[in-house]
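**Q**
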Amino acid sequence: MKLQHNLGGLENLGPVNVETNVFVQPWEKRIFGIHTVMMAESTHLADALPRYPIAGLPTTFKNTWTWASLRTGAEGMQPFEYFKYRYYEKWLMGISQFFIDEGYVSADELDEKTRHFRANPQAALPDQPNPAIATQINAYLVKGDSGFHEFKEAPRFATGARVRVADPDAVDHTRLPGYLRNKEGTVDLVYPGAFSYFVSTGPDGIGHAMPVYRVAFDAADIWGKEKSEPNTTIYADLFDAYLLASD
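Counting along the sequence shown from 1, when you hit position 53 you're at 53 in full-length UniProt numbering, and nothing is skipped either side.
Below, the structure is given as structure tokens:
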């Protein structure tokens, strides 16, 4: 991942925020809700498990939106801008830009609405209840989605195999922690089935269904003995595309 999104092992970055509340401000709940509704209406659910009746859903939202979409928006921020904003402010920026890019709202329209509600914070929000969409959202909250598939081929690696983490070209979004690139570890578990990611990361290598492994790393092999507690193991779940046979 890009620097601002995976800081494992880096020093002198200042104090760590140890806030334990999921939502610190009331408005953050609304941002989480918007993201959840977008996922519940996402076109990818037509092929996810369980299957959802997306084609007949009475909504104007006709795009794929997953956790990957949300993370891509945040990861596209300029690094110094990224550190300036709160967690859910980054969500809001990514979601807003997505709606602008896809033509659901223009930047001028969004600015006008922003000015309106800042000047009139008690103004009523649009209310267009739709029972079918409410049913879909409730079903999604209960059942979720999954990219699970049955194996078509045996996994390349078995438990106990020594592997080396690949170093693919950097792309807009990845599920490979930067601090694990080129590190060696041992396959600790082969998860049953294969898993897709709903969106392709292109040269990064994930998208179609593939095995996922839990790989164990000696902390000292990642950060060095002088910066690691003894007898410490780091575990990471990694897609098959991110692993190579150890030399």
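Heads up, the beta-carbon is just placed ideally off N, CA and C, and yes, glycines get one too. Because the structure is a prediction, the values reported are computed rather than measured.
1) Based on Cα-Cα distance, which residue from ASP111, THR64 and TYR104 lies nearest to TYR197?
2) Return the residue from the list ILE222, THR201, TYR213 and PRO155 that minimises the CA-CA distance to residue 278.
3) Would you say ALA40 and GLN128 are within 8 Å of each other, going by their C-beta atoms?
4) Would a C-beta distance cut-off of 8 Å place PRO211 and ALA194 closer than the cut-off?
5) Could you give the DSSP three-state label for SER96: helix, strand or coil?
6) From what residue to what residue does the alpha helix (DSSP H) around ILE234 run?
7) Kindly indicate the opening and closing residues of the alpha helix (DSSP H) around TYR140.
8) Buried or exposed: where does SER42 fall if 16 or more other Cβ atoms within 10 Å of its Cβ makes it buried?
9) Counting pairs of Cβ atoms below 8 Å between the region 148-165 and the region 234-245, do you hit three or more?
10) What does DSSP give as the partner residues of TYR213 in its beta bridges?
11) At what residue ranges does the region 58-129 contain a whole run of the alpha helix (DSSP H), taking only runs of 4 or more?
12) Grab the span of the alpha helix (DSSP H) containing ALA154 for me, first residue to last.
13) Which one of ALA241, GLU184 and GLY73 has the shortest CA to CA distance from GLN97?
14) Give me the residue from PRO50, TYR82, HIS44 and MET38 with the minimum Cα distance to PHE61.
15) Decide yes or no for the touch test of the region 229-239 against the region 152-162: beta carbon pairs closer than 8 Å, at least 3 of them.
16) On the DSSP bridge list, what partners appear for PHE195?
17) Hey, would you say ALA68 sits closer than 8 Å to HIS173, going by beta carbons?
18) In the structure shown, what three-state DSSP assignment does ALA161 receive?
19) On the DSSP letters alone, give me the boundaries of the beta strand (DSSP E) that ALA245 sits inside.
20) Distance check for GLY224 and LEU45, CA to CA, integer angstroms please.
21) Could you pull the DSSP bridge partners for GLU184 from this structure?
**A** According to the structure data:
1) THR64
2) Any answer about residue 278 is impossible in this case: the structure gives the chain only from 1 up to 247.
3) no
4) yes
5) helix
6) Where ILE234 is concerned, there is no enclosing alpha helix (DSSP H), although the beta strand (DSSP E) it sits in stretches over 233-239.
7) 131-143
8) buried
9) yes
10) VAL190 and LEU238
11) 67-75, 79-84, 87-101 and 107-119
12) Unbroken run through ALA154: none, as it is neither H nor E.
13) GLY73
14) MET38
15) no
16) PHE148 and MET210
17) yes
18) coil
19) 243-245
20) 43 Å
21) ARG164
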